[in-house]
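So the structure is just underneath, and the comments pick up after that.
Number of protein chains: 2
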Amino acid sequence: MRTSFAIGVDVGGTRIAAGLIERKGRIVKDLQKLTPHNGPFAVVDAIIEAIEQVAEGVHPSEIAGVGIGLPAQIDFLKQSVEFCTNLPLAGVDVRSLVLSRVRHEVTIDNDGHLAAYGEFRYGSAKGARDFLMLTLGTGVGGGLFIGGEPYRGSRGLGGEIGHMVVQMDGPPCPCGGRGHIESYLGRPAIAAKGREAAAAFSGRAIVEEAGGDPAAVSAEAVIKAALKGDEVARAILLDAGEVLGRALVGLVNVFNPRLIVVGGGVGEACGFLVERAAEVMQAEALAGRRDVRFIQSELGNDSGILGAAALAFDEHDSREGLHR
Amino acid sequence: MRTSFAIGVDVGGTRIAAGLIERKGRIVKDLQKLTPHNGPFAVVDAIIEAIEQVAEGVHPSEIAGVGIGLPAQIDFLKQSVEFCTNLPLAGVDVRSLVLSRVRHEVTIDNDGHLAAYGEFRYGSAKGARDFLMLTLGTGVGGGLFIGGEPYRGSRGLGGEIGHMVVQMDGPPCPCGGRGHIESYLGRPAIAAKGREAAAAFSGRAIVEEAGGDPAAVSAEAVIKAALKGDEVARAILLDAGEVLGRALVGLVNVFNPRLIVVGGGVGEACGFLVERAAEVMQAEALAGRRDVRFIQSELGNDSGILGAAALAFDEHDSREGLHR
Chain A
46 MRTSFAIGVD VGGTRIAAGL IERKGRIVKD LQKLTPHNGP FAVVDAIIEA
96 IEQVAEGVHP SEIAGVGIGL PAQIDFLKQS VEFCTNLPLA GVDVRSLVLS
146 RVRHEVTIDN DGHLAAYGEF RYGSAKGARD FLMLTLGTGV GGGLFIGGEP
196 YRGSRGLGGE IGHMVVQMDG PPCPCGGRGH IESYLGRPAI AAKGREAAAA
246 FSGRAIVEEA GGDPAAVSAE AVIKAALKGD EVARAILLDA GEVLGRALVG
296 LVNVFNPRLI VVGGGVGEAC GFLVERAAEV MQAEALAGRR DVRFIQSELG
346 NDSGILGAAA LAFDEHDSRE GLHR
Chain B
46 MRTSFAIGVD VGGTRIAAGL IERKGRIVKD LQKLTPHNGP FAVVDAIIEA
96 IEQVAEGVHP SEIAGVGIGL PAQIDFLKQS VEFCTNLPLA GVDVRSLVLS
146 RVRHEVTIDN DGHLAAYGEF RYGSAKGARD FLMLTLGTGV GGGLFIGGEP
196 YRGSRGLGGE IGHMVVQMDG PPCPCGGRGH IESYLGRPAI AAKGREAAAA
246 FSGRAIVEEA GGDPAAVSAE AVIKAALKGD EVARAILLDA GEVLGRALVG
296 LVNVFNPRLI VVGGGVGEAC GFLVERAAEV MQAEALAGRR DVRFIQSELG
346 NDSGILGAAA LAFDEHDSRE GLHR
């Protein structure tokens, strides 16, 4: 049976978003709530509550299923959470816990993969069978789409673009490594650069955006100051863009994508960072690979819930033997 | 018609190898000659001569075609040479030039891709549908195999593993970039480290392997000294292994391969370099991805001609509508 709706949930380190989505990608109802930080079961409860809220008033038979994006390393085949930096979900069987309390099939996936899925099905990458999705937020994630499907690798663990080494003696990364893309581009890294500037006279505009408290400087304060024209803040973000560009040299040389879609809160707010990355990449990538199109995510923050819903529709259809 | 043989040619910066290969991978006849360095047409002539020599005495109808691996960026769909660092072949229509003078179909591809193809069809990676091939030689190349096929990217230009940035302020790379894997692992980089050591008292054993001339120190001299137990030479190669390991962190996090096959002259000679790389990668890759198997190439130098022949068989069979 062709169902009308799917539920997409996008769990972030800060917020959980959920939506009731139609097959064609229209968001019928959506909501956001803060992510609890008092243990794994509180997170799972919040997910279930969000699902129940968006499903309210819809007959269960009309719902194809639930897709959940987590900011974690997911073994997609086993549907298990292998590793999670920002939330205490590693080893927690999120899928079964949710499944036991909602009346729908549940599929979990990495949030970066689902953002790519959303852009592929409903957004900027519609029809692009091969592309690279980059999500710049608290973490740096993304996904590869190859042949119209997310590329997951041998154990479903691929696509962790944020954890490539770009500088062997670089700063420590939240994952335990060193000099990874995320250790330059993640929100904590940008905030740290902002606080460094704040400690000096040059960071005045940044401190102002943080309400006058140098210790409260966040990535958002740096971005806001930059968008208002502060040169110090802008330089911090352009430097980050340069690192991203250098990292993209390798990805472009290895994947030769035609399209790179940039999303995530930082990616969306900082067009100039993305432009710098594109310039730097184009100057260094091997000949013939430089005509990569860079576009901003069309769906913005909704890419996560839309991708999660697309996954739920696809899983439903393949269970039912339906073809898209 | 099912033909019996294909001709595989592997063009390197130093040598051209060619072989007459049976469908099951037996090398019936093979030869090597030095790569001419007096212009593109001399290279093409040498390729044609090699093809004629291995084809001698075989009826053309028994030959499925010719595959040629070039140390170059190949646009596989257009069958054009886009970029070539070590030979003057960029923009030269190698395929048409050879095709006009031999009586067989001709297909060109990147040499790293073909080494992977050879290992997949006849060697260490037989049956492995997803793996990473690394060739450590004068250049650093390789290829990704995804779903039983070489992954070529949107324009057939993917797989250039040697040209990922691992150190943003690292040494210049022959491609014009900076801090790429090849700028640490290619033969010229290893030779340069050897010459540095040779300039100091500590490099005695290395200079000895170079016939006593510090200026003549090559990567081979460093490798030979290391294999005889010289600690200075060994340290140079272990450092290179460490860089390779750090670079593999990113590749493993993004691709999550189950298998990495290491070939190329340097990769084959230096098991301890590869072991160090594996250790370093395993210490830093994200959880769940560390159980990658590292194996040496089974075919050694023959992977190139065997992969080229496998490509020629496959192209023939798809022209004829045959299935493997």
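From first to last, the protein sequence lines are chains A and B. When we follow the numbering used here, the leftmost residue of the first sequence carries the number 46, and every step to the right adds one. When we follow the numbering used here, the leftmost residue of the second sequence carries the number 46, and every step to the right adds one. C-beta: ideal position from N, C-alpha, C; glycine also.
Any idea if L159/B is buried or exposed, counting beta-carbon neighbours within 10 angstroms, 16 or more meaning buried? buried
State yes or no: is the C-beta of Q124/B within less than 9 Å of the C-beta of G333/A? no
Three-state secondary structure assigned by DSSP to M326/A: helix
Check this for me: beta carbons of A242/A and A278/A, under 9 Å apart or not? yes
Could you check how far apart the C-beta atoms of L134/A and P85/A are, in whole angstroms? I think they sit under 8 Å. 6 Å
Endpoints, the beta strand (DSSP E) within which I108/A is located: 108-115
Per-residue DSSP class, three states only, for R83/A: Just to set this straight, residue 83/A is Asn in the shown sequence, not Arg. N83/A falls in the coil class under three-state DSSP.
Terminal residues of the alpha helix (DSSP H) in which F358/B lies: 348-364
Distance cutoff 9 Å, beta carbons only. Does D154/B sit that close to anything in chain A? no
As assigned by DSSP and simplified to three states, the class of V126/A: strand
Quick one: give me the first and last residue of the alpha helix (DSSP H) that A51/A is part of. No alpha helix (DSSP H) contains A51/A, which is instead part of the beta strand (DSSP E) from 50-56.
Suppose contacts are defined by Cβ-Cβ distances below 9 Å. Is V147/A in contact with A87/A by that definition? no
State buried or exposed for N83/A, treating a residue as buried only when at least 16 other CB atoms are found within 10 Å of its CB. exposed
Length of the line joining the Cα atoms of N298/B and V299/A: 14 Å
As assigned by DSSP and simplified to three states, the class of A63/A: strand
Assign V89/A to one of two classes, buried (16 or more other C-beta atoms within 10 Å of its C-beta) or exposed (fewer than that). buried
What residue range is occupied by the uninterrupted beta strand (DSSP E) comprising N376/A? Residue 376/A lies beyond the stretch modelled for chain A, which goes from 46 to 369, so this question has no answer here.
Quick one: what's got a C-beta closer than 6 Å to K269/B's C-beta in the same chain, skipping five residues either side? E254
Could you list the residues in the region 304-327 of chain B with a C-beta less than 7 Å from some C-beta on chain A, going in chain order? none
When you compare the CB positions of A355/A and V111/A, do they come within less than 9 Å of one another, or not? no
Within the 9 Å Cβ cut-off, does P302/A reach chain B? yes
Between which two residues does the alpha helix (DSSP H) holding F300/B run? 276-300
Assuming I235/B is part of the alpha helix (DSSP H), what are its boundary residues? 232-244
Can you list the residues of chain A that V126/B reaches, using a CB-CB cut of under 7 Å? Result: empty, since nearest Cβ-Cβ is about 10 Å, beyond 7 Å.
By how many angstroms is the C-alpha of G239/A removed from the C-alpha of I281/A? 7 Å
Alpha helix (DSSP H) segment containing R140/A, residue limits: 139-144
Output, in sequence order along the chain, the residues in the region 198-225 of chain B whose CB is closer than 7 Å to any CB in chain A. G198, S199, R200, L202, G203, G204, E205, I206, H208, M209, V210, V211, Q212, M213, C220, G222
Please list, in chain order, all residues of the same chain as R338/A whose beta carbon is under 8 Å from its beta carbon, the five residues on each side excluded. R303, L304, I305
Residue-chain proximity (E164/B, chain A), Cβ-Cβ < 9 Å: no
Going by other Cβ atoms of all chains shown within 10 Å of its Cβ, with 16 needed for buried, is E205/A buried or exposed? buried
Hey, G53/A and G64/A are a contact pair by Cβ (cut 8 Å); roughly how many whole angstroms apart? 5 Å
If you draw a straight line from the C-alpha of A95/B to the C-alpha of E107/B, how long is it? 18 Å
Going by beta-carbon coordinates alone, are F121/A and N155/A separated by less than 9 Å? yes
When S141/B, D347/B, P259/B are compared against I72/B, the one with the closest alpha-carbon: D347/B
Of the residues that make up the region 109-135 of chain B, which ones have a beta carbon closer than 7 Å to any beta carbon in chain A? Q118, D120, E127, F128
Between the region 332-353 of chain B and chain A, which residues of the former have a C-beta closer than 7 Å to a C-beta of the latter? A332, G333, R334
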